[in-house]
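S.K.: Residue numbers (our numbering), protein chains in the order written: chain A, 14 to 122; chain B, 2 to 116. Take a look at this one; I'll ask things after.
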Amino acid sequence: DAKTTQPTSMDCAEGRAANLPCNHSTISGNEYVYWYRQIHSQGPQYIIHGLKNNETNEMASLIITEDRKSSTLILPHATLRDTAVYYCIVRVAGNQFYFGTGTSLTVIP
Amino acid sequence: DAGVTQSPTHLIKTRGQQVTLRCSPISGHKSVSWYQQVLGQGPQFIFQYYEKEERGRGNFPDRFSARQFPNYSSELNVNALLLGDSALYLCASSLELRGSGQPQHFGDGTRLSIL
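Below you can see the structure in the form of structure tokens.
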């Protein structure tokens, strides 16, 4: 099964871009990469997902390396409300999402 | 549009009791999954149901069971509760079982505390 590894924590200055890396070196060719974030006491919130190509939506951009072994989530202009735990997730066996321990992002004023 | 709704939001039980948690998916979503999130850890997969059939099971004991109803809502049952079952239980729904990378959408969970 494909698994993910992420840094435990990161800081980012308010208004700057936050770049959150993820390694998923065992990902198979037909598995998507998903990003979610979780603010304390709430359920995980979907951000973005991709297969091979880079993706962008109103919340973030997702950059996937050509070999698909790693990806980076980019929050272009971080705000205090972006402080959360960010999970990089791959789908394994059926419809099961594998969550690791995520990256705790702190946006500093 | 309503998102995934879970009830109750909080629950306190004692060891040995049984509990039933409920989940209503987003309208039109046919797949429901359940996750357990212990404090300080990421969610762990428990079950996945699609069209009322179990399609996936995580590494949890038989004390955990679930079902999906014709309206696609779902219940998670846990018997013989242990202190270690204290956690946030999350429900997620998606349009399909698999395909086109459809993301899951999560509810805010049920916080279960075992005394």
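By construction, the Cβ of each residue, glycine as well, lies at the ideal position given by its N, Cα and C atoms.
Would you say F61 (chain B) lies against chain A (beta-carbon separation less than 7 angstroms)?
M.R.: Answer no: the Cβ-Cβ gap between F61 (chain B) and chain A never drops below 7 angstroms.
S.K.: Give me the residue from A:T17, A:N70, A:T21 with the minimum Cα distance to S38 (chain A).
M.R.: Of the candidates A:T17, A:N70, A:T21, the one whose C-alpha sits nearest the C-alpha of S38 (chain A) is A:T17.
S.K.: Buried or exposed: where does Q19 (chain B) fall if 16 or more other Cβ atoms within 10 Å of its Cβ makes it buried?
M.R.: It counts as exposed.
S.K.: Rounded to whole angstroms, what is the Cα-Cα separation between N66 (chain A) and N36 (chain A)?
M.R.: Their Cα atoms are separated by approximately 16 angstroms.
S.K.: Could you give the residue range of the beta strand (DSSP E) that holds I115 (chain B)?
M.R.: Here the beta strand (DSSP E) through I115 (chain B) covers 111-115.
S.K.: Scan the segment 85-96 of chain B for residues whose Cβ lies nearer than 9 angstroms to a Cβ of chain A and list them as they occur along the chain.
M.R.: Flagged, chain order: L89, L91, C92, A93, S95.
S.K.: I'd like to know if the segment 51-69 of chain B and the segment 103-116 of chain B are in contact, where contact means that at least 3 CB-CB pairs between them fall below 8 angstroms.
M.R.: No: fewer than three Cβ pairs fall under 8 angstroms.
S.K.: Looking at P44 (chain B) and L91 (chain B), is the spacing between their C-beta atoms short of 7 angstroms?
M.R.: Yes, the Cβ-Cβ distance between L91 (chain B) and P44 (chain B) is below 7 angstroms.
S.K.: Could you give the distance in angstroms between the alpha-carbon of F70 (chain B) and the alpha-carbon of G4 (chain B)?
M.R.: Their backbone Cα atoms lie some 18 angstroms apart in a straight line.
S.K.: Near P89 (chain A), what residues of its chain come up, given a Cβ to Cβ distance below 8 angstroms and the 5 sequence neighbours on each side ignored?
M.R.: Taken in chain order, the residues that qualify are A30, A73, S74.
S.K.: Report, in whole angstroms, the separation of the C-beta atoms of D109 (chain B) and Q51 (chain A), which I expect to be a contact under 8 angstroms.
M.R.: Incorrect: roughly 10 angstroms between the Cβ atoms, too far for contact.
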